Amino acid sequence: MTTVITICDTCKAESRDAEKQEKTDGEVLAALIEAAAKGVQGVTTRRHACLMGCSHGCNIAIQAQGKLTYVLGRFTPDQAQAEGIVEYARLHGESSKGQVPFRLWPKAIKGHFVSRIPDLPASEA
Ligand code: FES
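Just so we're aligned, residue 19 is where the sequence shown starts under our numbering, counting upward by one.
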């Protein structure tokens, strides 16, 4: 089953200088995640405008059918964080319920969890 990384591509850091930075921080992070996810089995990416966590961007969500969904934020658009997000998504994909043991969490995603959402029961999906 595929785990999808949804990346907010409209997130902007407070320190962003709109005159000097053509792209939003979310767009930069999305490009880094997309590059890091290339060729990774069981992981896909998509972009979405505003995940409604604007005050603590950059934000992403990690989802798969029938598994726990995780929303993470407070990312800066850099390579290490992008690679950590993709590795966490890969581990999420390998887990039957989407619950990755803490000991396996990539360092880059620690401290970035915002919320965890259980999957819908089959009767309500
Ligand atoms: S702009 Fe990214 S969460 Fe709102």
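Ideal Cβ placement from N, Cα and C applies to all residues, glycine included. The structure presented is a predicted model; accordingly, all values stated were derived computationally and were not measured.
The bridge partners DSSP lists for residue 134 are 88.
Remark: the C-beta of residue 19 is outside contact range of the ligand FES, defined as less than 8 angstroms to any heavy atom. The three-state secondary structure of residue 58, taken from DSSP, is coil.
Spatial neighbours of residue 24 in its own chain (CB-CB distance under 6 angstroms, excluding positions within 5 residues in sequence) are listed in chain order as 64, 66 and 79.
Between the segment 112–119 and the segment 23–42 there are fewer than three inter-stretch CB-CB distances shorter than 8 angstroms, so the stretches are not counted as touching.
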